[in-house]
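Down below is the structure, laid out as structure tokens.
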Amino acid sequence: MKKEKVIHEICPLCHPPAGQAEKQAERDLIDAAEVGNARKVQELLSAGVFVSCSKEGDEGRTALLKAALRGHLEVVQVLVAAGADVNKARTDDGCTPLFMAAQNGHQNVVQALVTARADLNKATTDTGDTPLYIAAQQGHLDVVQALVAARADVNKAITDGRTPLWQAAQNGHQNVVQVLVAAGADVNKARTSDGCTPLRIANAPQNKHTSVVAYLQSVGAR
1 MKKEKVIHEI
11 CPLCHPPAGQ
21 AEKQAERDLI
31 DAAEVGNARK
41 VQELLSAGVF
51 VSCSKEGDEG
61 RTALLKAALR
71 GHLEVVQVLV
81 AAGADVNKAR
91 TDDGCTPLFM
101 AAQNGHQNVV
111 QALVTARADL
121 NKATTDTGDT
131 PLYIAAQQGH
141 LDVVQALVAA
151 RADVNKAITD
161 GRTPLWQAAQ
171 NGHQNVVQVL
181 VAAGADVNKA
191 RTSDGCTPLR
201 IANAPQNKHT
211 SVVAYLQSVG
221 AR
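FYI, the UniProt record's numbering numbers position 146 of the sequence shown as 146, with every residue one higher than the one before it.
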């Protein structure tokens, strides 16, 4: 009788509670995606792990979001092929996989997500940044070109009225400015708080991006 009691107490350690193994597999999937281990990702998906899972307490960060952030194209392709939700965002700020790839200049990942019909204009929930806005801010010309070619809204502003063009002008990214203007960006769309235009911010004392100023003036900016 005593022996049976000992066995009963040990067995729960040998057999994890229902759901624990599943949660561990989900954590393994996300970790594998983050480090770019496409083979492990495929193995876990083939074993039935939910492709759009997220870790508890991690603000909804999925395997796809982690892979997009790191620029792991092969992993992104595997996850998308398995049906990952390309628009599932972080719960704390609304950043999508496309946003994270655009922010970090991963043009090939951006293109893969665009092909998978990711929402080009989905904005963050805190400041309203779009993938195009953040790419323009960072000066990622190839990403900006890819998003413009996919018909992202070049005039979609963040919460204070700043557009991708405005931000590119502020940071002196002339090639980005030219691409946006060629795509139909409004050269006079101003920040709502003070009416500051792309031309004014490019010419501000703390910036003085003379080549950007000259270009904007040549296309009728005020």
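Glycine is no exception: its CB is placed at the ideal position from the N, C-alpha and C atoms.
Whole angstroms are fine: how far does the CA of ALA21 sit from the CA of ALA157? 45 angstroms
Taking the CB atoms as reference points, tell me whether LYS122 and LEU147 lie closer together than 9 angstroms. no
With C-beta atoms as the reference, is VAL144 less than 9 angstroms away from LEU199? no
For THR62, which residues does DSSP report across the bridge? SER54
Taking the CB atoms as reference points, tell me whether LYS66 and ALA33 lie closer together than 9 angstroms. yes
Go through the stretch 143–199 residue by residue and report every complete run of the alpha helix (DSSP H) that reaches 4 residues or more, in order. 164–171 and 174–182
Along the chain, where does the alpha helix (DSSP H) that runs through ASP129 open and close? Note, ASP129: premise wrong, no alpha helix (DSSP H); not H, not E.
Distance, Cα to Cα, VAL80 vs THR159? 31 angstroms
In angstroms with no decimal places, state the Cα-to-Cα distance between ASP186 and GLN103. 22 angstroms
Span of the alpha helix (DSSP H), counted from its first residue to its last, around ASN108: 107–115
My assumption, with CB atoms under 8 angstroms, is that ASP28 sits in contact with LEU44. Please give the rounded CB distance. 6 angstroms
Measure from the alpha carbon of THR62 to the alpha carbon of each residue in VAL177, THR91 and GLN138, then state which is nearest. THR91
Let's see if you can read the secondary structure: which residues bound the alpha helix (DSSP H) around VAL80? 73–81
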